[in-house]
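J.: Numbering (this note's numbering), first residue to last: 1 to 350.
If you want it as structure tokens, here you go:
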């Protein structure tokens, strides 16, 4: 995760406050790649606390300067264990929900996830705070909460199941960006930890079953793409979930979006290549889909079926079989003759 900036900050407001300038002064005094020392970092953090308090109370602080100050302060906490103390961590947790500006809240969510990865002792607390951020009113903040939860869940088998439950709940988000992040996160957790796979497969299959007839961008086709890819990966990773993954994928062969169809076909193809018992059923489903498909989908399915079930070689004619037998006999006789000559030469030397 790139931390904590995700995109260029918005244009500065005309109502910049002196306290915001003071907060960012340290960030502009040195090159961006130079890490401040502990004493300087502590000062930056104190200034940042004051700046964010002003922003929270008045809502007029200059966001660009605040984000620059936040970046420097949060990086210092991440890189200097002495600064990762209770006071600073509590402040960071507070920023994820109390700061008005959504970019700052998203920065704080991202930073908190990174801090908990760096200092595992804060992991449980961070997970609870990030779970709260899943209810934020802004989709961008919720996306970064999903990213952070996914990272923390993958880092700890003990926490993975809890995180999976949180992401399953977040799959109901009305925003496609959040749901897409959830599909990716559930896939990663399920592939790594089999005990997370059952709920992940069920959630991904449910997302894939949404089959809109309207335009793609408005209906979240990328969510279904990620769900199809995830089901394929989980089915390949865990034999116990193979049948469920195939059951989730097969109905989506009829998806109204060609790109989703392609992802589903690719996922079934990958499963069929590595699972001989599943191959016949997959081929049957593909052949059924092919009957009513448009030309490009038919061509793709034909290629996949040929890959899964290569055409049998034609039987040899009697003449070809006899010619092959004669050649084999000639090779055998030549080998025997060479062996006899070698044996005779060896005997004469003795």
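Every residue, glycine too, gets a C-beta built ideally from N, C-alpha and C.
(1) Look up residue 119 in the DSSP assignment and say whether it is helix, strand or coil.
(2) Hey, residue 96 and residue 77 are a contact pair by Cβ (cut 8 Å); roughly how many whole angstroms apart?
(3) For residue 37, count neighbouring C-beta atoms within 10 Å of its own C-beta (all shown protein chains included) and say buried if the count is 16 or more, exposed if not.
(4) Measure the C-alpha to C-alpha separation of residue 329 and residue 306 and round it to an integer number of angstroms.
(5) To the nearest whole angstrom, what separates the beta carbons of residue 230 and residue 187, a pair I think is in contact under 8 Å?
(6) So which of 183, 195, 168, 185 has the shortest CA-CA distance to residue 158?
(7) From this set, 286, 311, 156, which residue's C-alpha is nearest residue 300's C-alpha?
(8) With DSSP run on the structure shown, which of helix, strand or coil describes residue 260?
(9) Alpha carbon to alpha carbon, what distance is there between residue 168 and residue 176?
(10) Please go through the segment 300 to 350 and give each complete alpha helix (DSSP H) segment of 4 or more residues, from N-terminal end onward.
(11) Which residue's Cα is closest to the Cα of residue 281: 309, 298, 178?
(12) Quick one: using the 10 Å Cβ neighbour count with 16 as the cut-off for buried, is residue 85 buried or exposed?
(13) Does the beta-carbon distance from residue 182 to residue 190 come in below 8 Å?
(14) Can you name the start and end residues of the alpha helix (DSSP H) that residue 145 belongs to?
(15) Cβ of residue 137 versus every heavy atom of the ligand NAP: is any distance shorter than 7 Å?
(16) So residue 255 and residue 264 are in contact, right, with Cβ under 8 Å, and what is the actual spacing, rounded?
(17) Measure the alpha-carbon distance for residue 270 versus residue 240 and round it to whole angstroms.
(18) Nearest to residue 170 by CA position, among 222, 227, 349, 134, is which residue?
(19) Quick one: what's got a C-beta closer than 6 Å to residue 75's C-beta in the same chain, skipping five residues either side?
(20) By Cβ distance below 6 Å, which residues in the same chain neighbour residue 268 in space, the five residues on each side in sequence not counted?
(21) So, for residue 304: in the same chain, excluding its five sequence neighbours on each side, which residues have a beta-carbon less than 7 Å away from its beta-carbon?
(22) Checking 8 Å against the spacing of the C-beta atoms, do residue 140 and residue 106 come in under that value?
(23) Which residue wins for smallest C-alpha separation from residue 242, given the options 276, 221, 210?
(24) Thinking C-beta only, is residue 63 closer than 8 Å to residue 124?
(25) Taking C-beta to C-beta, are residue 297 and residue 333 nearer than 8 Å?
(26) Return the first residue and the last residue of the alpha helix (DSSP H) that residue 278 is part of.
T.: Working from what's here:
(1) The residue labelled residue 119 in the question sits at position 119 within the chain shown. Residue state, collapsed to three classes: coil.
(2) On the chain shown, position 96 is the one that residue 96 refers to. On the chain shown, position 77 is the one that residue 77 refers to. Incorrect: roughly 14 Å between the Cβ atoms, too far for contact.
(3) As a working note, residue 37 is residue 37 in the chain shown. Here the model assigns residue 37 a pLDDT of 48, short of 50, so the residue's position is not dependable and the matter cannot be decided.
(4) Translated into the one-based positions of the chain shown, residue 329 becomes position 329. Translated into the one-based positions of the chain shown, residue 306 becomes position 306. The straight-line gap from Cα to Cα measures roughly 35 Å.
(5) As a working note, residue 230 is residue 230 in the chain shown. As a working note, residue 187 is residue 187 in the chain shown. That belief holds up - the Cβ atoms of residue 230 and residue 187 are roughly 3 Å apart, short of 8 Å.
(6) The residue you call residue 158 lines up with position 158 of the chain shown. Minimum Cα distance to residue 158 is reached at 195.
(7) Along the chain shown, read from residue 1 onward, the residue named residue 300 stands at position 300. Nearest of 286, 311, 156 to residue 300, Cα basis: 286.
(8) Counting from one through the chain shown, the residue named residue 260 turns up at place 260. Three-state result, residue 260: helix.
(9) Working through the chain shown from its first residue, we reach residue 176 at position 176. Working through the chain shown from its first residue, we reach residue 168 at position 168. So the alpha carbons of these two residues sit roughly 14 Å apart.
(10) Contiguous alpha helix (DSSP H) elements confined to the segment 300 to 350 occur at 318 to 349, taking only those with 4 or more residues.
(11) Walking along the chain shown from the start, residue 281 turns up at place 281. Considering only alpha carbons, the answer is 309.
(12) The count along the chain shown starts at 1 and reaches residue 85 at position 85. So residue 85 ends up on the exposed side.
(13) Sequence index remark: in the chain shown, residue 182 carries index 182 (1-based). Sequence index remark: in the chain shown, residue 190 carries index 190 (1-based). Taking C-beta atoms as the reference points, residue 182 and residue 190 fail to come closer than 8 Å.
(14) Start at 1 with the first residue of the chain shown, and residue 145 comes out as number 145. Element bounds for residue 145: 139 to 155.
(15) Among the ligands in the structure shown, none appear at all, so the ligand NAP cannot be discussed.
(16) Residue numbering aside, residue 255 sits at position 255 when the chain shown is read from its first letter. Residue numbering aside, residue 264 sits at position 264 when the chain shown is read from its first letter. Indeed they touch by this definition, with Cβ atoms about 7 Å apart.
(17) Position 270 of the chain shown holds residue 270. Position 240 of the chain shown holds residue 240. Cα to Cα, the separation comes out at about 17 Å.
(18) As a position in the chain shown, residue 170 is number 170, starting the count at 1. Of the listed residues, the one whose Cα sits closest to residue 170 is 134.
(19) As a working mapping, residue 75 is identified with position 75 in the chain shown. Excluding sequence neighbours, residue 75 sits near nothing in its chain.
(20) Locating residue 268 in the chain shown gives position 268, where the first residue counts as 1. Cβ contact annotation for residue 268 (same chain, cutoff 6 Å, sequence separation greater than five): 249, 282, in chain order.
(21) The residue labelled residue 304 in the question sits at position 304 within the chain shown. If we look at residue 304 and ignore the five residues flanking it on each side, its Cβ neighbours are 265, 269, 286.
(22) The count along the chain shown starts at 1 and reaches residue 140 at position 140. The count along the chain shown starts at 1 and reaches residue 106 at position 106. Between residue 140 and residue 106, the gap from beta carbon to beta carbon is short of 8 Å.
(23) In the chain shown, residue 242 corresponds to position 242, counting from 1. Cα-wise, what sits closest to residue 242 is 276.
(24) For the purposes of this step, residue 124 is taken as residue 124 along the chain shown, with counting starting at 1. For the purposes of this step, residue 63 is taken as residue 63 along the chain shown, with counting starting at 1. No, the pair does not count as a contact, with Cβ atoms beyond the cut-off.
(25) The count along the chain shown starts at 1 and reaches residue 297 at position 297. The count along the chain shown starts at 1 and reaches residue 333 at position 333. In this structure, the beta-carbon distance from residue 297 to residue 333 does not fall below 8 Å.
(26) The residue labelled residue 278 in the question sits at position 278 within the chain shown. Per DSSP, the continuous alpha helix (DSSP H) segment holding residue 278 begins and ends at 276 to 291.
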